[in-house]
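Undergrad: Take a look at this one; I'll ask things after.
Laid out in structure tokens, this is it:
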């Protein structure tokens, strides 16, 4: 016969295990706002996308993928000897509690290798791939409107 204290101890250990596993696998709260893609004409093979990212934790954006767009590159714009230049970024650091913006004249997303024009009001699924400070990977998918 089990004593109440052994049963209580098992319940307590189970609750602790659940709390630990929930903390380990918790996905950070990420807000993605003002996401949009520039529309294209027939024959165009490049576009650009912008959005704002906010996270409650420090994160690294490692890549962005889409079933509609074969290549999405993250670019930074830098001033080099008085000339503005684009440089591909392999990762983008998202500092906790600070808004990171992909915007015109700054960091932005270059979209390449897609079929047909990207038409206004069309929705394009994009998946943002992140890792946290524990090097755990996770994704966040959004539908982005073409403007």
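In our numbering, the protein residues as written are 109 to 255. Just so it is clear, CB atoms sit at the ideal spot from N, CA and C, and this is done for glycine as well.
Give the single residue among 114, 162, 206, 115 whose Cα lies nearest to the Cα of residue 236.
TA: Stepping through the chain shown from its first residue, residue 236 is reached at position 128. Answer by Cα proximity: 162.
Undergrad: What does the alpha-carbon distance come out to for the pair residue 165 and residue 204?
TA: Taking the first residue of the chain shown as position 1, residue 165 is located at position 57. Taking the first residue of the chain shown as position 1, residue 204 is located at position 96. Each residue's alpha carbon lies about 4 Å from the other.
Undergrad: Which whole-angstrom value is the C-beta distance of residue 220 and residue 159, which I expect to be below 8 Å?
TA: Residue mapping note: residue 220 aligns to position 112 of the chain shown, counting from 1. Residue mapping note: residue 159 aligns to position 51 of the chain shown, counting from 1. Contact flag wrong, Cβ pair sits at about 17 Å.
Undergrad: Three or more beta-carbon pairs under 8 Å between the stretch 209-229 and the stretch 172-184, yes or no?
TA: Touching, yes.
Undergrad: What span of residues does the beta strand (DSSP E) with residue 245 cover, start to end?
TA: By 1-based counting over the chain shown, the position of residue 245 is 137. Segment 245-254, the beta strand (DSSP E) holding residue 245.
Undergrad: Give me the Cα-Cα distance between residue 151 and residue 172, rounded to the nearest whole angstrom.
TA: Taking the first residue of the chain shown as position 1, residue 151 is located at position 43. Taking the first residue of the chain shown as position 1, residue 172 is located at position 64. C-alpha separation (whole angstroms): 23 Å.
Undergrad: Just tell me which of 113, 146, 234, 198 has its CA closest to the CA of residue 211.
TA: The residue given as residue 211 occupies position 103 in the chain shown. Ranking the options by Cα distance to residue 211, first place goes to 146.
Undergrad: In angstroms with no decimal places, state the Cα-to-Cα distance between residue 191 and residue 198.
TA: To locate residue 191, count along the chain shown from 1; it is residue 83. To locate residue 198, count along the chain shown from 1; it is residue 90. Near 22 Å, if we compare the C-alpha coordinates of residue 198 and residue 191.
Undergrad: On the three-state DSSP scale, how would you describe residue 116?
TA: Within the chain shown, residue 116 is the residue found at index 8, counting from 1. Three-state DSSP puts residue 116 in a helix.
Undergrad: With C-beta atoms as the reference, is residue 135 less than 9 Å away from residue 174?
TA: The residue you call residue 135 lines up with position 27 of the chain shown. The residue you call residue 174 lines up with position 66 of the chain shown. In this structure, residue 174 does not lie closer than 9 Å to residue 135 by Cβ.
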